[in-house]
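Chemist: Residue numbers (the working numbering): 74 to 141.
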Ligand SMILES: [Cu+2]
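(1) Looking only at its chain, what residues have a beta carbon closer than 6 Å to the beta carbon of residue 78, apart from the 5 residues adjacent to it on each side?
(2) Between residue 104 and residue 140, what straight-line distance do the alpha-carbon atoms span, to the nearest angstrom?
(3) In whole angstroms, give me the CA-to-CA distance for residue 123 and residue 132.
(4) With a Cβ-Cβ cutoff of 8 Å, do residue 96 and residue 135 count as a contact?
(5) Just grab the DSSP bridge partners of residue 139 for me.
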């Protein structure tokens, strides 16, 4: 397992946090997600054999947020 922190732009409320949480948890290979509204950050634990940072970033962007 690997852990990555992604800085996210565009989250304004707990609904946004839930959206980001959901898309990340639906991504194959993701084992754990923690999204912080205060820090505008998602911490993701993933299996590098099944997921990669580009896929995680794409999932967040597809949900309507920017990864910076
Ligand atoms: Cu929101």
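Backbone N, C-alpha and C define an ideal beta-carbon position, used for all residues, glycine too. Owing to the predicted nature of the structure, the values given are computational and were not obtained by experimental measurement.
Modeler: Considering the structure as presented:
(1) 114, 116
(2) 20 Å
(3) 14 Å
(4) yes
(5) 82
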